[in-house]
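Visitor: Here it is: the structure, laid out below.
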Amino acid sequence: MKRFFKRGSAILTVLAAFGAVPADAEEGNATRGAEAYRACVACHALEPDLHLTGPSLAGFWGRAAGTAEAYLRYSPGLKEAGFEWNAAALDGWLADPAAMIPGTFMVFRGMGDGQARADLIAFLEIAGAPGGGEKAVAAGLIPASWVSATAPQPIGDAPPQARVAAIRHCGDSYFIATEDGRETPYWEKNIRLKIDSVETGPPPGTPVILTAGMQGDRASVIFASLSDLKTVIKEGC
Ligand code: HEC
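Here my numbering is used: the first residue of the sequence shown is 1, the next is one more, and so on.
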């Protein structure tokens with residue numbers, strides 16, 4: 001079909017004039033593409049250096065694949081791909097990432113519809129240029145919240161009841177003391193220990209506890225670093 005259109009572009013023009021194919025077929029509509037970008041927000045930010053499950057897409061257009069600075073989780077295949085991101089490369093990637101880069105860590109089943117890919121690529125050409133996230137927001141293509149996407153809310157200035165002073169582990173329990181003077185016991189299976197080492201994380205030396213779950217019986221304790229985790233939690237009954 002595609003080859004036929006390429007060889008017979010006069011025929012394509014005629015078909016387009018009669019509305020048989022969309023006039024912008026294969027050109028891409030960035031407004032529709034921005035809507036399709038919703039599927040990417042779960043894993044990608046448009047803020048420079050803000051890496052989530054996937055690398056930041058700020059300024060990726062025209063850059064060599066697998067080279068976002070400080071993103072350490074590329075698959076070997078993408079790291080060694082050796083091509084630059086342009087419309088043709090993205091068309092293959094968005095159609096079927098795993099077919100293009102076997103063993104890729106991007107879990108996305110792909111978009112079968114060529115026009116939908118062209119639309120998304122038209123949006124990515126804008127959003128993936130330097131400063132593109134802000135431009136896409138200013139142009140009304142995406143809401144401002146999509147720029148930082150699913151990055152956690154900053155917890156740097158948590159209230160005293162969320163600031164952890166000390167953690168004891170005894171038997172099957174954690175006893176978590178907070179800066180409001182309380183010590184609360186938790187079943188060890190209900191506590192998740194996490195590290196947030198970037199700007200969104202807690203200040204060094206002061207982990208933050210965030211309760212979760214319907215009963216408030218589960219909580220995450222977020223540390224600024226692995227060494228904080230090792231020094232704050234002590235064995236003690
Ligand atoms: C479930 C999470 C997830 C979703 C959803 C997702 N991605 Fe990804 N993406 C990743 C991961 C992880 C990588 C790194 C893949 C690898 O190293 O093999 C990646 C890599 C990429 C890259 C290569 C970046 C580079 O620096 O070379 C591009 C471009 C990309 N994704 C675009 C998209 C677009 C556009 C969408 C939406 C249609 C999308 N992704 C949806 C997780 C995701």
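Here a beta-carbon is modelled for each residue, glycine too, at the ideal position from N, C-alpha and C.
Should the stretch 122-142 be regarded as contacting the stretch 187-194, the criterion being three or more beta carbon pairs within less than 8 Å?
Guide: Cβ pair count under 8 Å is below three, so no.
Visitor: Can you give the Cα-Cα distance for GLY33 and PHE108, rounded to whole angstroms?
Guide: Going by the C-alpha atoms only, they are around 17 Å apart.
Visitor: Look at the alpha carbon of TRP85 and the alpha carbon of ALA129, and state the distance between them as a whole number of angstroms.
Guide: Straight-line Cα distance between these residues: approximately 11 Å.
Visitor: Which residues in the same chain as ALA151 place their Cβ atom closer than 7 Å to its Cβ, once the five residues preceding and following it in sequence are excluded?
Guide: The residues are ALA45, LEU50, LEU52, THR200.
Visitor: Any heavy atom of the ligand HEC closer than 7 Å to the Cβ of THR178?
Guide: False, no ligand heavy atom lies under 7 Å from that Cβ.
Visitor: Consult DSSP for THR231 and reduce its assignment to one of helix, strand or coil.
Guide: If DSSP states are grouped into helix, strand and coil, THR231 belongs with the helices.
Visitor: Can you grab the Cα-Cα spacing for the pair GLY216 / ALA116, in whole Å?
Guide: Cα-Cα distance, rounded: 43 Å.
Visitor: Any beta-carbon of chain D closer than 8 Å to the one on SER197?
Guide: Going by chain labels, chain D is absent from the structure shown, which holds only one protein chain.
Visitor: Give the DSSP-derived three-state secondary structure of PHE123 in the structure shown.
Guide: Three-state DSSP puts PHE123 in a helix.
Visitor: Taking only three categories from DSSP, how would you classify PRO76?
Guide: Residue state, collapsed to three classes: helix.
Visitor: For the ligand HEC, I want to know if THR150 counts as a neighbour, meaning its beta carbon is within less than 7 Å of at least one of the ligand's heavy atoms.
Guide: Because no heavy atom of the ligand HEC lies under 7 Å away, the Cβ of THR150 does not count as near it: no.
Visitor: PRO202: which of ARG182, ARG168, GLN153, CYS237 sits nearest, CA to CA?
Guide: The residue with the shortest Cα to Cα distance from PRO202 is GLN153.
Visitor: Could you give the DSSP three-state label for THR200: helix, strand or coil?
Guide: Here THR200 sits in coil by DSSP.
Visitor: Can you find a heavy atom of the ligand HEC that lies under 7 Å from the Cβ of SER227?
Guide: It does not: the Cβ of SER227 is nowhere closer than 7 Å to a heavy atom of the ligand HEC.
Visitor: Closer than 7 Å: is that where the CB of MET214 sits relative to any heavy atom of the ligand HEC?
Guide: For the ligand HEC, not one heavy atom lies less than 7 Å from the Cβ of MET214.
Visitor: Can you tell me whether GLY54 is buried or exposed? The criterion is at least 16 other CB atoms within 10 Å of its CB, across all chains shown.
Guide: Buried is the call here.
Visitor: Cutting at 6 Å between CB atoms, please list the residues of its own chain near ALA177, excluding the five before and the five after it.
Guide: ALA165, ALA166, GLU183.
Visitor: Would you mind giving the Cβ-Cβ distance between ILE195 and PHE223, rounded to the nearest angstrom? I have them listed as a contact below 8 Å.
Guide: Confirmed, about 5 Å.
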